[in-house]
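Going letter by letter, the sequence shown gives residues 727 to 1016 in the working numbering.
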Amino acid sequence: MSFAIFDENYYLANNPDVKAAIDAGAFSSGLQHFQQTGLAEGRVLVSPYYDEQFYLRANPDVATSVSNGTFKSGLQHYIQYGEAERRSAGAFNETNYLALYPDVAAAVDAGTYSSGLQHYIQFGQFEANRNSAFTGTSGNDTIAGFGQGIRAIAGVDIVDTLLGTAAVAGVGEVDTLIGGEGRDGFALGLPSLSVLNSPPRQFYVGGGNTDYALIQNFGKPDDAIILPGSTQDYNFQTVNGNLNISTASGDLIGIVEGVASLTPVAASSEALGQVSGLPNDFFGPVVALV
């Protein structure tokens, strides 16, 4: 069990009754309250990096256990088991980060860090050359990346998609993808991955104009949008000052807010890694919108 996800200031700001109890001398800290009563009460606002509803969507087995009373909340599961199982606390993709950085994974195994997320919060987010991925679930997600380095931002679970365990890849979803400082690679699909021999996948294909990713805070010239295939596989149209991205058959997959046009360029696997925060062993054609 680890309480590394707990943020004292965040907890007190979101639980004013606890702050009042501390001021009255009933508890010495927010952490003491959370450990003694807050966790059992089902309080979940403990950190800006933990998202209760996201965790339950991403882990249906946990959602079932919460529904049947085995756990009071998804957070209780995360603290007792999930963090040690390397489950993601929110959009920050734990599996991807540890795969990219075996030294961090070894440090987590050794107990130096409780998770890759803890390393990223303390160190990784401040390193300009540090890659990361922020990914979603099979529901409607708002994904906001943070940090100074290179990030992949996707509204679907990239790992499940690559492994072929994702039943859908954005079908029926409307996800909001929000860029930040540093370089963002917004993934609207993935090319093939060499090590898994995985097929290329387009996201948000199947629902016409009802499923897509809304991309916000796209920053030129550093950011890019990743599309598997070639330019001929897509249509680009400016609508009300936004760039709509559709497949050649007319299925809307993305809207870039506040950007009227972008330039499609063929990208190598190495270039993909440089703009997306993903591994460099993809193959097959890929287009980057810059």
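Ideal Cβ positions, reconstructed from N, Cα and C, are used throughout, including at glycine. Treat the numbers as computed from the prediction; the structure is a model and nothing was measured.
If you draw a straight line from the alpha carbon of residue i to that of residue j, how long is it in whole angstroms?
i, j, result
"Tyr-706", "Leu-738", "A question about residue 706 goes unanswered here, because the residues of the chain that appear run from 727 up to 1016."
"Leu-953", "Ser-799", "37 Å"
"Gly-955", "Ala-833", "38 Å"
"Ser-840", "Leu-757", "17 Å"
"Gln-937", "Asp-867", "First, the amino acid is wrong: residue 937 is Asp here, not Gln. Going from the Cα of Asp-937 to the Cα of Asp-867 covers about 12 Å."
"Phe-780", "Asp-901", "13 Å"
"Ala-752", "Leu-916", "53 Å"
"Thr-957", "Asn-740", "47 Å"
"Phe-760", "Gly-908", "35 Å"
"Tyr-823", "Gln-851", "12 Å"
"Pro-990", "Asn-968", "16 Å"
"Pro-926", "Ile-879", "17 Å"
"Gly-984", "Ala-870", "17 Å"
"His-803", "Gly-795", "12 Å"
"Pro-786", "Ala-747", "35 Å"
"Ala-913", "Ala-750", "50 Å"
If you measure between the beta carbons of residue i and residue j, is that distance less than 9 Å?
i, j, result
"Leu-826", "Tyr-775", "no"
"Gln-942", "Thr-973", "no"
"Arg-877", "Gly-911", "yes"
"Asp-883", "Gly-862", "yes"
"Leu-978", "Asn-966", "no"
"Gly-933", "Val-897", "yes"
"Glu-734", "Ser-755", "yes"
"Leu-940", "Phe-962", "no"
"Ser-858", "Phe-818", "yes"
"Val-744", "Gly-764", "yes"
"Val-788", "Gly-808", "yes"
Smallest Cα separation from residue i: which of the options?
i, options, result
"Lys-946", "Ala-832, Val-1016, Val-897 and Gly-837", "Val-1016"
"Gly-837", "Arg-812, Ser-858 and Glu-853", "Arg-812"
"Ala-810", "Val-770, Ser-728 and Phe-849", "Ser-728"
"Gln-848", "Ala-870, Pro-828, Gln-874 and Phe-860", "Gln-874"
"Ile-951", "Val-772, Tyr-736, Val-985 and Val-1013", "Val-1013"
"Phe-944", "Ala-986, Ala-895 and Ser-975", "Ala-986"
"Val-931", "Thr-790, Leu-801, Ile-904 and Ala-895", "Ala-895"
"Ala-766", "Ala-784, Lys-745, Val-792 and Pro-742", "Val-792"
"Arg-783", "Tyr-736, Asp-743 and Ser-814", "Ser-814"
"Asn-935", "Leu-903, Ala-854, Gly-795 and Ser-975", "Ser-975"
"Thr-821", "Thr-790, Ala-854 and Phe-860", "Phe-860"
Flag residue i as yes when its Cβ comes closer than 8 Å to any non-hydrogen atom of the ligand GDP, and as no otherwise.
i, result
"Gln-928", "For the ligand GDP, the structure offers nothing, since it holds no ligand at all."
Just checking my contact of residue i with residue j at CB under 8 Å: how many whole Å lie between their CB atoms?
i, j, result
"Ser-773", "Ile-805", "That belief does not hold up - the Cβ atoms of Ser-773 and Ile-805 are roughly 11 Å apart, past 8 Å."
"Gly-905", "Asp-949", "6 Å"
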